[in-house]
Amino acid sequence: MQVNLGSIRQWHWVSAAITLVGMLLFAITGITLNHAADIGANTQVTTIETWVPEPALQRLRDLPEGEVMLPADLYAYLREQGVTMARDQRGQWDGVEFYAAMPKPGSDSWLAIDAEFAEFTYERTTRGWVAYFNDLHKGRDSGAVWFWFIDIFAAVCVVFCVTGLILLFRQGPHRPMTWPMVALGALVPVVIMLVFI
Numbered sequence: 001m002q003v004n005l006g007s008i009r010q011w012h013w014v015s016a017a018i019t020l021v022g023m024l025l026f027a028i029t030g031i032t033l034n035h036a037a038d039i040g041a042n043t044q045v046t047t048i049e050t051w052v053p054e055p056a057l058q059r060l061r062d063l064p065e066g067e068v069m070l071p072a073d074l075y076a077y078l079r080e081q082g083v084t085m086a087r088d089q090r091g092q093w094d095g096v097e098f099y100a101a102m103p104k105p106g107s108d109s110w111l112a113i114d115a116e117f118a119e120f121t122y123e124r125t126t127r128g129w130v131a132y133f134n135d136l137h138k139g140r141d142s143g144a145v146w147f148w149f150i151d152i153f154a155a156v157c158v159v160f161c162v163t164g165l166i167l168l169f170r171q172g173p174h175r176p177m178t179w180p181m182v183a184l185g186a187l188v189p190v191v192i193m194l195v196f197i
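So the sequence shown is numbered by the UniProt record's numbering: it starts at 1 and just counts up by one.
Below you can see the structure in the form of structure tokens.
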């Protein structure tokens with residue numbers, strides 16, 4: 001039985017089509033990361049400090065110490081006050097204070113609940129869209145799905161490069177400048193690394 005996996009040219013253009021937008025994203029964010037100090041951050045800080053109702057607080061006190069999820073009524077109250085967090089967000093509870101750090105691409109937030117004084121503090125810092133996409137480029141605090149997307153995307157990019165190299169071997173004899181250009185593309189970064197870094 002013969003299995004047709006398609007031609008090298010098909011693999012090349014399909015992998016190019018799949019990775020086109022992603023390569024543009026990573027190329028542009030490569031520039032913005034390289035010039036992060038020159039691009040002003042659009043930082044905005046939101047702080048919420050207020051009291052916590054005793055019934056909701058008591059349910060928090062009833063939880064065992066360690067990593068816990070907030071009781072449903074306390075979570076609902078915090079959402080009403082403007083706290084942005086996932087329902088399944090976990091934090092550290094020591095019997096007196098609950099603390100949760102919630103970093104995300106382009107932003108950081110944290111929540112502290114003081115059971116002794118019946119109050120909470122929530123702070124959220126956002127650094128703008130450039131920081132958001134820069135963090136996606138680095139895979140910073142972006143979750144498991146994005147982690148796997150980067151790996152799969154990188155594998156498809158390798159397919160694109162390898163099939164491109166095979167096509168260069170096939171077309172090289174008809175285009176004399178092919179291998180000098182490939183050599184230049186390999187040589188320039190090596191020289192920069194050896195001489196200037």
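Heads up, the beta-carbon is just placed ideally off N, CA and C, and yes, glycines get one too.
From a predicted model like this one, the values you see are computed outputs, not experimental measurements.
Taking 8 Å as the cut-off, decide whether the C-beta atoms of E119 and E49 are in contact.
yes
Cα-Cα separation, D17 to F26:
The displayed chain sequence assigns Ala, not Asp, to residue 17. Distance between the alpha carbons of A17 and F26: 15 Å.
Compute the distance between the beta-carbons of residue 250 and A100, then report whether it is under 8 Å.
Outside the shown range of the chain (1 to 197) lies residue 250, about which nothing can therefore be said.
State whether the segment 143-154 contacts the segment 119-128, with contact taken as three or more CB pairs (one from each stretch) at a distance under 8 Å.
no
Would you call the segment 26-40 and the segment 175-192 in contact, with 3 or more CB pairs under 8 Å?
no
Evaluate M1 with the Cβ neighbour count: other Cβ atoms within 10 Å of its Cβ, from every protein chain shown; 16 or more gives buried, anything less gives exposed.
Residue placement at M1 is flagged as unreliable, the pLDDT there being 46, under the threshold of 50; a coordinate-derived value is accordingly withheld.
Extract the residue ranges of the alpha helix (DSSP H) inside the segment 121-186, only unbroken runs of 4 or more that lie entirely within it.
128-138, 143-171
State the DSSP-derived secondary structure class of R61, mapped to helix, strand or coil.
helix
Collapsed DSSP secondary structure at T19 in the structure displayed:
helix
Answer with buried or exposed for N42, where buried requires no fewer than 16 other C-beta atoms within 10 angstroms of its C-beta.
exposed
From L173 to L136, what does the alpha carbon distance come to, in whole angstroms?
Before going further, note that residue 173 is Pro rather than Leu in the sequence given. Those two C-alpha atoms are separated by around 41 Å.
Own chain, CB closer than 6 Å to W129, minus 5 neighbours either side, in chain order:
none
If you draw a straight line from the C-alpha of C161 to the C-alpha of Q44, how long is it?
41 Å
Might you give, ordered along the chain, the residues of its own chain that have their beta carbon closer than 6 Å to the beta carbon of F98, omitting 5 neighbours on each side?
G91, I113
Do you know offhand how far T163's Cα is from W11's?
One C-alpha to the other measures close to 7 Å.
Does the Cβ of S7 have 16 or more other Cβ atoms within 10 Å, making it buried, or fewer, making it exposed?
exposed
Separation of D141 from L60, as counted between CA atoms:
27 Å
Beta strand (DSSP E) segment containing L111, residue limits:
107-114
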